[in-house]
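Heads up: take any position in the sequence shown, counting from 1, add 49, and you land on our numbering. For each residue, glycine too, the CB sits at the ideal point set by N, CA and C. Scroll down for the structure; my scribbles are underneath it.
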Amino acid sequence: MKVLRYGAISVAAILGLAVLAIGVFALVFDANRYKPDLVRMVQEKTGRVLVINGNLRLTVFPQLGVAVEGLALSGPAGAGKFARVGEARLGLALLPLLTGTVVADHVELADLDVELVKRADGTTNFEDLAPSHGHPAPAASPGQPAKPVAPLALEIDAIRLRHATIVWRDEASGRSLRLTGFDARSGRIAQGARGQVEIATRVEASEPTLKVDLKGSAGYRLDFARGAFAFDDIDLRLDGDAPAAVGLVAMLRGDVEVDPTRDLVDIAKLSVALTTRDGLDLKASMPKLRLTSTGAVGEAASAELKLVRPVRTVTARLELSTLAAEGKQIRFARLGAEAEVKQGETTVVVKLASPLAIDYAAHAADLSSLTGELLASGPQIPQKSAKVSLSGGAHVTWGKQSSASAELATQFADSNLRLKIAVADFDNPAIDFDVSADRFDVGRYLSLVGASSSGVAHVAQATGAAAPAAAGGEAAGSEKAIDLTALRSLNATGSVRIGALAVRHIKAENVHLGVRAAAGRIDISPLNANLYQGTLVGSASVNAHTNQFSMREKLTGVALGPLLRDAASVDRLAGRGSVALDLTTTGTTVAALKRALSGSVRIDVRDGAVKGVDLGEIVRAAGSLVGSKASVEGRAKATDQTEFSEFSASFAIRQGVARSDDLSGQSPLLKVTGGGSIDIATERIDYLVKAAPVGAIPIGHGRTLTVLRGVAVPVRINGPLAAPEYSVDLAQLAVESAKTGVKLTIGAAVGAPEAAVPLVKDLWYGLRGRK
């Protein structure tokens, strides 16, 4: 017993002396003299510049350690800023040092600020800090074997990170991610260690904009030798705003294990729940999924979504069957998706299903036999209900060479449509497509999702959003801007061919569009079709950077009356002819596009009529009243028209105003010339038409009017395009007729002057519309 007591006293004395020696050492030791050596060592190892603004301090209580303030590390080659640390503390366990093991009792970093950058060329500002594959061992003397160097073991009992800021910036895409107020706490970090980790931070991102708070915790297991790790009882929560998700609350729970040496990924009890302030509710679960180099096992997974908005309710469900695996190929017998959209009185149900095969060694997935249908019902749907069937397949690859392709066929009513599409490089998508259809009614397809004009009006009324029409036919309030931003990055090439096309009331056949989009410009060439007994040949383009629209088209042999009625609900012109358009405009609203419209229009029509004005009747009235102080005036009427055998005019358009000075028309009774302007933005016309009788004008009962033969009757047409007014200055007409030597008399066929009075009155009152 005395031996044990003396031994204990000796050990205590030695420890006391050791503590005393360490205390004296800490008092007399000056750690700052090693600062230049640390700076030089970092420079030699990394090429970066380390700056230590504060003092290095050796601490003894409550444990042996080192503390330093004001650390800063430069970027590669000493350029720029990479990281800054306000304060760093490292506590060391004393006794493990005697066995060659470094055990950090704790590591604490405060006010860490790190900026990670991916440059435009794909390199980063931190790749030079990646651990090397080990330094070569010192060369052994000739004839002597090299002595193995025992590695120094490293363990950390706890890590604490306070008030850190971590920034990730991608110079190529312009995207950035910023973690602020980052706090983290971990347990023991060592080979085979188990512990608990907790994190909390603010996450902000640009493109897309993201502002959320992240909090989470999990248990962990570490195996440095195998490069393996596992997290169990994961509990993560996000609160904040994300794209299309205001008031986001998201939670993730589950277990994950990864072991690269066994090609193992093991996911268990995974669940996701997500809600937003504007009515989104999403739940998803995956009970078990285990992937290894020899196969995989898993249980059926599912997801449910519900979105409730004032004008729309969406419910959806996704189901993935139990998997079968062979090697690195996974097969699901069925991937099924079903969604229902209710909008007003319209309901749309979409169902899709296909086997799913995933080859995660080749980074590829196949939907080999995709089938589906779309069912729609409601008052806005033709025949109150409709059905669209879908069939085809799709293939997706990811990784260094990402791509997707699909061939789909749909059938709706009497329409059969086929689509082939291929997308290369998901980071910078290049799209190639081909669309063909025997017939296609755009209105019918839009009606299936409540997007027809009447469906939109119904939704607007249901939400109280409908606004009264403002003057000029535009909705009250400011116009919604035309945003082409999404087209700036579009890279696509393809063609569209449709046997018979209906857009609203417009009908066309043999439609062919060639589409090319690149660098923010979309070109449609050719833009050809057969329509209204004629042909359309031309091209169009859109510049998404400047909001510029251009069109060059020529219609030949077209029945203009039916075309104008179907396209614009305008019944002002009849006859067959040609129209050449070369137009350009720029703007972000419809009103701005009208004001900026420039270019030219040429119209040539044969055997037709201009509706709304009867120039022959106006000339009759003018001839009967010429020389008086009255004037002939009136408003355009749908029942009036001026027939002609040929008619032509060209318009030069500048800043939304179309001007013409070469109007020419010919009829059996009249020769018409004229010029004027049409303000497209305000939809008003100011035009002077000169109608000269080419012979005697019949005025009924076998009588004729010859007084104005060869005299151009000036008819002023002005006012709103929808209801213009016309007038004739008879006094000026008398002056003009006198210059030509025309006598102010009614032809002999009229008879005595007093016989003309009833005729004049009838013409006059008829034109004025009153007595």
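Classification of MET90 by the beta-carbon crowding that lies within 10 angstroms, buried from 16 upward: To locate residue 90, count along the sequence shown from 1; it is residue 41. Result: exposed.
How many angstroms separate the CA atom of LEU76 from the CA atom of VAL246? For this step, residue 76 is matched to residue 27 along the sequence shown. For this step, residue 246 is matched to residue 197 along the sequence shown. Residue confidence for LEU76 is low, a pLDDT of 46 falling below 50, so the modelled location carries little weight; the figure read from the coordinates is stated next. One C-alpha to the other measures close to 36 angstroms.
8 angstroms contact criterion, which MET300 and ALA322 should meet: CB distance rounded: As a first step, residue 300 is located in the sequence shown; it is residue number 251 there, counting from the start. As a first step, residue 322 is located in the sequence shown; it is residue number 273 there, counting from the start. Right, the Cβ-Cβ distance comes to about 5 angstroms (below 8 angstroms), so this counts as a contact.
Between which two residues does the beta strand (DSSP E) carrying ARG765 extend? By one-based count along the sequence shown, residue 765 stands at place 716. Counting along the chain, the beta strand (DSSP E) containing ARG765 begins and ends at 762 to 769.
Considering Cα atoms alone, identify which of ILE571, THR229, ARG614, ARG537 is closest to HIS554. In the sequence shown, the residue the question calls residue 554 occupies position 505. Measuring from the Cα of HIS554, the nearest candidate turns out to be ARG614.
Taking 7 angstroms as the line, does the beta carbon of GLU353 fall inside it for any heavy atom of the ligand GTP? With respect to the ligand GTP, the structure offers nothing, as it holds no ligand at all.
Flag this pair as touching only if the stretch 645 to 658 and the stretch 542 to 553 have three or more C-beta atom pairs under 8 angstroms; answer yes or no. no
Assuming PHE696 contacts GLY714 (C-beta within less than 8 angstroms), just tell me the rounded distance between them. Stepping through the sequence shown from its first residue, residue 696 is reached at position 647. Stepping through the sequence shown from its first residue, residue 714 is reached at position 665. Yes, PHE696 and GLY714 are in contact; Cβ-Cβ is about 4 angstroms, under 8 angstroms.
Tell me, which residues are paired with GLN392 by DSSP? As a working note, residue 392 is residue 343 in the sequence shown. BP columns for GLN392 point to THR395.
Near THR229, what residues of its chain come up, given a Cβ to Cβ distance below 6 angstroms and the 5 sequence neighbours on each side ignored? Residue mapping note: residue 229 aligns to position 180 of the sequence shown, counting from 1. Around THR229: THR214, ARG251.
Mind checking whether ILE571 and SER590 have CB atoms under 8 angstroms apart? Counted from its first residue, the sequence shown places residue 571 at position 522. Counted from its first residue, the sequence shown places residue 590 at position 541. Yes, Cβ-Cβ distance for ILE571 and SER590 is below 8 angstroms.
Counted within 10 angstroms of its Cβ, other Cβ atoms place PRO517 as buried (16 or more) or exposed: Residue mapping note: residue 517 aligns to position 468 of the sequence shown, counting from 1. With a pLDDT of only 39 at PRO517, under 50, the local geometry of the prediction cannot be trusted, and the value read off the model is given with reservation. Counting Cβ neighbours within 10 Å, PRO517 comes out exposed, since fewer than 16 surround it.
Tell me whether ALA126 sits in a helix, a strand or coil according to DSSP, three-state version. The residue you call residue 126 lines up with position 77 of the sequence shown. Helix, per DSSP.
Does the count of Cβ pairs from the stretch 434 to 443 and the stretch 461 to 472 closer than 8 angstroms reach three? yes
Could you name the residues that DSSP lists as bridge partners for VAL246? Position 197 of the sequence shown holds residue 246. VAL246 is bridged to SER235, ALA267.
One question on the structure: do ILE283 and ALA267 come within less than 8 angstroms of each other, judged by their Cβ atoms? As a first step, residue 283 must be located in the sequence shown, where it is residue number 234. As a first step, residue 267 must be located in the sequence shown, where it is residue number 218. Yes.
Rounded Cβ spacing between ALA623 and GLY610 (contact assumed at less than 8 angstroms): Looking up residue 623 in the sequence shown gives position 574. Looking up residue 610 in the sequence shown gives position 561. Their Cβ separation, rounded to whole angstroms, is 4 angstroms, which keeps ALA623 and GLY610 in contact under 8 angstroms.
Is it buried or exposed for GLU164, if we count other Cβ within 10 angstroms and need 16 for buried? Translated into positions along the sequence shown, residue 164 becomes position 115. So GLU164 ends up on the buried side.
Can you look up PRO336 in the DSSP assignment and give me helix, strand or coil? Here residue 336 is taken as the residue at index 287 of the sequence shown, counted from 1. Residue state, collapsed to three classes: strand.
Can you check which of these residues, GLY385, PHE381, PRO336, LYS391, is closest to VAL360 by C-alpha distance? Residue 360 sits at position 311 when you count from the first residue of the sequence shown. Ranking the options by Cα distance to VAL360, first place goes to LYS391.
Starting from ARG644, trace the alpha helix (DSSP H) both ways and give me its first and last residue. Along the sequence shown, read from residue 1 onward, the residue named residue 644 stands at position 595. Taken as a continuous stretch (DSSP letters only), the alpha helix (DSSP H) holding ARG644 covers 639 to 644.
Whether VAL117 touches LEU99 by CB criterion (8 angstroms): Residue numbering aside, residue 117 sits at position 68 when the sequence shown is read from its first letter. Residue numbering aside, residue 99 sits at position 50 when the sequence shown is read from its first letter. Contact flag unset, no.
Within its chain, find whatever has a CB closer than 7 angstroms to the CB of LYS400; leave out the 5 residues flanking it on each side and keep chain order. For the purposes of this step, residue 400 is taken as residue 351 along the sequence shown, with counting starting at 1. For LYS400, where only same-chain residues beyond five positions count, the Cβ hits under 7 angstroms are GLU387, GLY421, GLU422.
Whole-angstrom distance between ALA578 and THR584, CA atom to CA atom: Here residue 584 is taken as the residue at index 535 of the sequence shown, counted from 1. Here residue 578 is taken as the residue at index 529 of the sequence shown, counted from 1. Each residue's Cα considered, the two are about 6 angstroms apart.
In whole angstroms, give me the CA-to-CA distance for ALA425 and VAL586. One-based indexing of the sequence shown puts residue 425 at position 376. One-based indexing of the sequence shown puts residue 586 at position 537. Spanning the two alpha carbons is a distance of roughly 36 angstroms.
Kindly indicate which three-state DSSP category ALA617 falls into: helix, strand or coil? On the sequence shown, position 568 is the one that residue 617 refers to. ALA617: helix per DSSP, three-state reduction.
Measure the Cβ-Cβ separation of ARG138 and GLU157 and say whether it is below 8 angstroms. Against the sequence shown, residue 138 aligns to sequence position 89. Against the sequence shown, residue 157 aligns to sequence position 108. The answer is yes: Cβ separation under 8 angstroms.
Give the secondary structure of GLU732 by DSSP, where H, G and I count as helix, E and B as strand, and everything else as coil. Here residue 732 corresponds to residue number 683 of the sequence shown, with the count starting at 1. The answer is coil: DSSP assigns GLU732 none of H, G, I, E or B.
How far does the beta strand (DSSP E) with PRO575 in it reach, from first residue to last? If you number the sequence shown from 1, residue 575 lands on position 526. Here the beta strand (DSSP E) through PRO575 covers 570 to 580.
Please identify the residue among ALA557, LEU576, LEU562, PHE475 whose C-alpha is closest to the C-alpha of SER18. There is no way to answer for residue 18, as the model of the chain reaches only from 50 to 820.
Identify every run of the beta strand (DSSP E) within the stretch 311 to 360, keeping only runs that are complete inside it and at least 3 residues long; order them along the chain. Runs of the beta strand (DSSP E) inside the stretch 311 to 360: 313 to 324, 329 to 341, 344 to 347, 350 to 357.
Pull up the DSSP beta-bridge partners for PHE475, would you. Counting from one through the sequence shown, the residue named residue 475 turns up at place 426. According to DSSP, which records beta bridges pairwise, PHE475 is partnered with nothing at all.
So what does THR95 bridge to, in DSSP terms? Locating residue 95 in the sequence shown gives position 46, where the first residue counts as 1. Bridge partners of THR95: none, in fact.
Give me, in chain order, the residues of the same chain whose beta-carbon lies closer than 7 angstroms to that of PRO336; leave out the 5 immediate sequence neighbours on both sides. As a first step, residue 336 must be located in the sequence shown, where it is residue number 287. For PRO336, the CB contacts under 7 angstroms within the same chain, skipping 5 residues up- and downstream, are LYS318, GLU348 in chain order.
Three-state secondary structure (DSSP) at PRO742? Start at 1 with the first residue of the sequence shown, and residue 742 comes out as number 693. Note: PRO742 maps to strand in three-state DSSP.
THR633, DSSP secondary structure in three states: Translated into positions along the sequence shown, residue 633 becomes position 584. Correct three-state label for THR633: strand.
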